[in-house]
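Report on the following structure.
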Amino acid sequence: MLVCELLIELWNLVKSMIELIFMCKSTNKKEMKHNNLNLQPKKINDLCFTKITTKRYFVDQPTVTIGTEPSIQSLKSIYYGCSLSDELSENKFLAISVNKRSHFIDPLMAQKIVNHLMIPHKKNENKIMIFICDYISHFNFQAFDKMNQNKATQKSIQLGNIFVSIFQDVIKNLGLQKRIEISRWNDNKNILEIERLVIIMSSNPQLNQRVETIANYFISHRGQGKVNSSYKQKLELVKQYIYYEIPIFISGIHCDGIHYRMLYYSGTEEHLSNFAENQNCLHSLVIDIVTKDEFKDIFDQIILNSVNKIPKIIGFVGIVVDENTKKA
């Protein structure tokens, strides 16, 4: 039964590759225009928001013993507003949130996701970046662990060191040093004046209301939704975290002269669904910033303040990681 499923998945991948070849032949260049910036994001109705689910099996991958020996195990990718063609044609980055509850504190999970990233890219020379979002975690440490900014920043960097070490070991053991690189929050040079940009974004009433709604949901989800003076402080800190994230989700990252425009984002299927499909989620807000006139000035400012002056691919590839995957 497993062999049949594997053959079906391989055939689907071959078909996708054939479609990509024809697409590349018929498209001479990618160009987006948006008024004076010559950057035109796709209209909302043109985007493919149908979830396309594909399983990738760990076949012909190097076997490395980290904790326990990995068996043939599948992770699942879900394409939100993008396609396999986008994934194969762009430089891509996996954004890793730095917190103590992350799946990737476990080296085995880090190995599984690295293997998963490589399966469609064995003969693809496009770059893959593991992007450790350590520095901005200080907002969350201040909000939820009652740390001052200096201590929270120190904690963020220390925890980031652990994530970097785990992924470095995995990449080295798999012999993928030339294919996958690691960068940290402050290595991203795509946004030129992030602090000024955050001030501009937070001064927009419509955007501020949307960000506050997302922050309220996040705090409630953490079980810390009691409204008091402490809550208001948490709210402002979480809002800052979101404001710092938004430019990444719109313009991608730029490290060592390379622009990474395709986002991988991991989590449980429920988390990915909430992130992508809930009207009051961050991804929905990003789509609105890119496509709606009410946020045109914000979009323009983000792109003008980016090195490449080009937005990232508007969607993302969600990689399902849950407790069952972790235990497998």
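For the sequence shown, my numbering assigns the number 628 to the initial residue and increments by one for each residue that follows.
For glycine and all other residues, C-beta sits at the position ideal for the given N, C-alpha and C.
In this text the structure is predicted, and so the values were computed from the model without any measurement.
Q) Hey, residue 929 and residue 877: beta-carbon distance below 7 Å or not? A) Yes, Cβ-Cβ distance for residue 929 and residue 877 is below 7 Å.
Q) Should residue 717 and residue 875 be called a contact, given that it needs their Cβ atoms to be closer than 7 Å? A) No, the Cβ-Cβ distance between residue 717 and residue 875 is not below 7 Å.
Q: Could you pull the start and end residues of the alpha helix (DSSP H) that residue 899 belongs to?
A: For residue 899, the uninterrupted alpha helix (DSSP H) segment begins and ends at 896-904.
**Q.** First and last residue of the uninterrupted alpha helix (DSSP H) at residue 844
**A.** Counting along the chain, residue 844 sits inside the alpha helix (DSSP H) bounded by residues 832-848.
Q: Just the C-alpha distance for residue 871 and residue 790, rounded to the nearest angstrom, thanks.
A: So the alpha carbons of these two residues sit roughly 20 Å apart.
Q: Report, in whole angstroms, the separation of the C-beta atoms of residue 987 and residue 766, which I expect to be a contact under 8 Å.
A: There is simply no residue 987 to check, as the chain begins at 628 and stops at 955 in what is shown.
**Q.** Rounded C-alpha distance that separates residue 836 from residue 880
**A.** Each residue's Cα considered, the two are about 26 Å apart.
Q) For residue 756, which of helix, strand or coil comes out of DSSP? A) The DSSP-derived three-state label of residue 756 is strand.
(Q) Please classify residue 769 as buried or exposed, where buried requires at least 16 other C-beta atoms within 10 Å of its C-beta. (A) Residue environment for residue 769: buried (at least 16 other C-beta atoms within 10 angstroms of its C-beta).
(Q) Among 825, 824, 883, 893, whose alpha-carbon lies nearest the alpha-carbon of residue 744? (A) The shortest C-alpha separation from residue 744 is found at 893.
Q.
So if DSSP puts residue 882 in a beta bridge, which residue, or which two residues, is it bridged to?
A. Its beta-bridge partners are 885.
**Q.** Helix, strand or coil at residue 891 [DSSP, three-state]
**A.** Three-state result, residue 891: strand.
Q: Go ahead and pull the three-state DSSP assignment for residue 808.
A: In this structure, residue 808 counts as strand in the three-state DSSP scheme.
Q. Is it a yes or a no for the stretch 754-761 touching the stretch 718-725, going by three-plus beta-carbon pairs under 8 Å?
A. Touching, yes, given that three or more Cβ pairs across the two stretches are closer than 8 Å.
Q) Using CA coordinates, which residue listed in 707, 830, 709, 949 is at the minimum distance from residue 922? A) Nearest C-alpha to residue 922: 830.
Q) With 16 as the cutoff for other CB atoms within 10 Å, does residue 728 come out buried or exposed? A) Only exposed fits residue 728, as fewer than 16 other CB atoms lie within 10 angstroms of its CB.
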